[in-house]
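Participant: Quick one: the structure is below, and I'll ask about it shortly.
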Amino acid sequence: MPTPAPCPGPCNTAWRKAEQGVADTGADHHLAPAWGQPVQCSACTARTRRHLTEIPELLAAVHLEAIHGTRANLTGTIGRASNPSWPGEASRILTDRIVGQMAELAADILTLRGLRPEGTEPDHTGTEGTRINRLTGQLLAHWDWAMQHHPAATESYDRDSANPGSQATSWYRAALRFTRRDTLRVQLTAPCPHCDLRTLAHDDGDTYIECRNPNCGLLLTDSEYLQHTRQLTMGSKESAAA
1 MPTPAPCPGP
11 CNTAWRKAEQ
21 GVADTGADHH
31 LAPAWGQPVQ
41 CSACTARTRR
51 HLTEIPELLA
61 AVHLEAIHGT
71 RANLTGTIGR
81 ASNPSWPGEA
91 SRILTDRIVG
101 QMAELAADIL
111 TLRGLRPEGT
121 EPDHTGTEGT
131 RINRLTGQLL
141 AHWDWAMQHH
151 PAATESYDRD
161 SANPGSQATS
171 WYRAALRFTR
181 RDTLRVQLTA
191 PCPHCDLRTL
201 AHDDGDTYIE
211 CRNPNCGLLL
221 TDSEYLQHTR
231 QLTMGSKESA
241 AA
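In the numbering used here, the protein residues as written are 1 to 242.
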């Protein structure tokens with residue numbers, strides 16, 4: 001059985017950053033990686049499975065933009081895209097990209113597993129919604145295998161990664177942004193115990209809470225943050241009693 005390695009997913013973002021700090025400055029850290037089982041950890045497998053499960057409903061919401069017209073971007077401003085050439089263009093482009101990539105990954109997995117002879121044409125029958133549901137079902141049926149045994153499963157979750165988990169997360173986040181549901185970053189209310197600024201936050205998939213102050217960068221586990229908030233609460237009660 002392969003020797004487990006640190007999971008390439010976002011669960012180890014803080015650990016990889018800390019390891020880079022060791023390489024750059026020699027400063028040690030106390031963080032432990034989330035280990036793959038054997039390649040990607042169970043948390044990343046479960047999270048990306050959830051992302052994939054939500055794709056049909058999200059794409060249905062994206063489709064509504066195509067029916068009612070794409071939101072117009074402001075023109076004449078540096079960095080802003082021009083207005084779409086026809087109503088619904090942006091939603092159509094996004095849907096085509098996601099569905100195309102889903103079909104490519106599903107075909108790749110089935111071919112690798114010997115379940116579809118190479119060169120066989122995928123099934124394009126039915127409505128687009130039927131096709132999306134069919135592709136989602138195919139991917140979910142082989143998701144545990146894909147997350148551990150796909151040739152790209154060891155790749156980091158970068159923008160252009162072929163890692164199945166990275167692809168599912170990319171589709172999910174793109175659809176969330178388009179439908180204005182993207183609440184991936186959670187800003188925490190308690191101040192950082194090191195720099196005392198309200199800059200503690202964590203993103204979807206992060207194992208650690210991080211201070212976003214560039215001059216601090218403190219990392220906390222969930223239990224450390226909970227203990228910190230308890231100490232703040234106790235301090236407030238003592239001040240009030242005094």
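Where is the CB? At the ideal position from N, CA and C, for every residue including glycine. In this text the structure is predicted, and so the values were computed from the model without any measurement.
Just how far apart, CA to CA, sit Thr77 and Arg50?
Facilitator: Interpretation of Thr77 is limited by its pLDDT of 40, a score under 50 that renders its predicted location unreliable; no figure is taken from the coordinates.
Participant: Exposed or buried, what is Pro151 when buried is set at 16 or more other beta-carbons lying within 10 Å of its beta-carbon?
Facilitator: Exposed, by the Cβ-count rule.
Participant: By the 10 Å Cβ neighbour count, where 16 or more other Cβ atoms means buried, how is Ser170 classified, buried or exposed?
Facilitator: Buried, by the Cβ-count rule.
Participant: From the DSSP output, in three-state form, read off Leu200 for me.
Facilitator: In this structure, Leu200 counts as strand in the three-state DSSP scheme.
Participant: Can you list, in chain order, the residues of its chain whose CB lies under 8 Å from that of Met147, leaving out five sequence neighbours each side?
Facilitator: Hits under 8 Å: Val39, Gln40, Cys44, Thr45, Thr48, Ala153, Pro164 and Gly165.
Participant: Taking the alpha carbon of Leu140 as the reference point, which residue from Glu224, Ile55 and Ala90 has its own alpha carbon closest?
Facilitator: The shortest C-alpha separation from Leu140 is found at Ile55.
Participant: Using a threshold of 8 Å, state whether the C-beta atoms of Ala201 and Thr229 are closer than that.
Facilitator: Cβ atoms of Ala201 and Thr229: not closer than 8 Å.
Participant: What is the DSSP secondary structure of Val62, counted as helix, strand or coil?
Facilitator: Helix.
Participant: Would you identify the three-state DSSP class for Cys211, choosing helix, strand or coil?
Facilitator: Strand, per DSSP.
Participant: Between Leu74 and Gly88, what straight-line distance do the alpha-carbon atoms span, to the nearest angstrom?
Facilitator: The predicted position of Leu74 is uncertain, since its pLDDT is 36 and thus under 50; a value taken from the coordinates is nonetheless stated next. Whole-angstrom Cα-Cα distance: 16 Å.
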